[in-house]
Every structure is written in C-alpha cells, then in structure tokens.
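K.L.:
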Amino acid sequence: MLVEPVSCQQAWYLTREAIKEWVEGPDEHMDRIIRAIRQHGGVSGKLRRDFPVLDDPVLVERLETIVAEGFTGIGRIE
54 MLVEPVSCQQ
64 AWYLTREAIK
74 EWVEGPDEHM
84 DRIIRAIRQH
94 GGVSGKLRRD
104 FPVLDDPVLV
114 ERLETIVAEG
124 FTGIGRIE
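Each residue of the sequence shown is one higher than the one before, starting from 54 at the first, in this note's numbering.
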C-alpha cells in the first residue's frame, strides 16, 4: 500500500476534526489549541486559563497525542 504525503493544510484540517471529537468550539478555538500545542510542545498554563476544559489531564494528554500524530513528519512551528 502506498501512503501519500499529507500537506500541512491537510494535517491541520484532519487534526482539527479529530480534536472536535473531544472538545466543542469554533474552528478558531481549535486552531488556537493546535497552534499552541505545536509551538510549546504541549498545553500551556495560558491555554488552560483561556480554555478551562483543558484542566482535565486525560483530555490534555489526548489532545497532545492527536496533535503530535496529526503532524508527524510535518515539523514543529516556531
């Protein structure tokens, strides 16, 4: 089976949709969560303050995994 490379845009969309299975909110909020996790390597204290749902450590671990898997091979943003 041949696996085609995923573009950053495709990875972002698929990751956003995967996060929406765990957290409700508009795309802008999902994008902020994705961007923060990619930039900081995890959920920051500021992100937790802005999104109280992220106080759940099980949820945080799941979202960090979703983002890491969603962007495997794409690289981290600065």
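Where is the CB? At the ideal position from N, CA and C, for every residue including glycine.
How about Val-120 and Ile-90: are their beta carbons less than 9 Å apart?
P.N.:
Yes, they are a contact pair.
K.L.:
Thinking just about the alpha-carbon of each residue, which of Trp-75, Asp-84, Val-76, Gly-78 is nearest to the one in Cys-61?
P.N.:
Residue Asp-84 is the option with its Cα nearest to Cys-61.
K.L.:
Glu-117 and Gly-98 - do their beta-carbons sit closer together than 9 Å?
P.N.:
Cβ atoms of Gly-98 and Glu-117: not closer than 9 Å.
K.L.:
Kindly indicate which three-state DSSP category Thr-68 falls into: helix, strand or coil?
P.N.:
Reduced to three states, the DSSP call for Thr-68 is helix.
K.L.:
Hey, quick one: how far does the alpha helix (DSSP H) through Pro-110 stretch, first residue to last?
P.N.:
Counting along the chain, the alpha helix (DSSP H) containing Pro-110 begins and ends at 110-123.
K.L.:
Here's a check: name, in chain order, each residue in its chain whose Cβ is nearer than 8 Å to the Cβ of Val-106, leaving out the five neighbours to either side.
P.N.:
Counting only Cβ-Cβ distances below 8 Å, and skipping sequence neighbours, we find Val-76, Leu-112.
K.L.:
Of the choices Phe-104, Glu-114, Asp-108, whose alpha-carbon is the least far from that of Gly-78?
P.N.:
Ranking Phe-104, Glu-114, Asp-108 by Cα distance to Gly-78 puts Phe-104 first.
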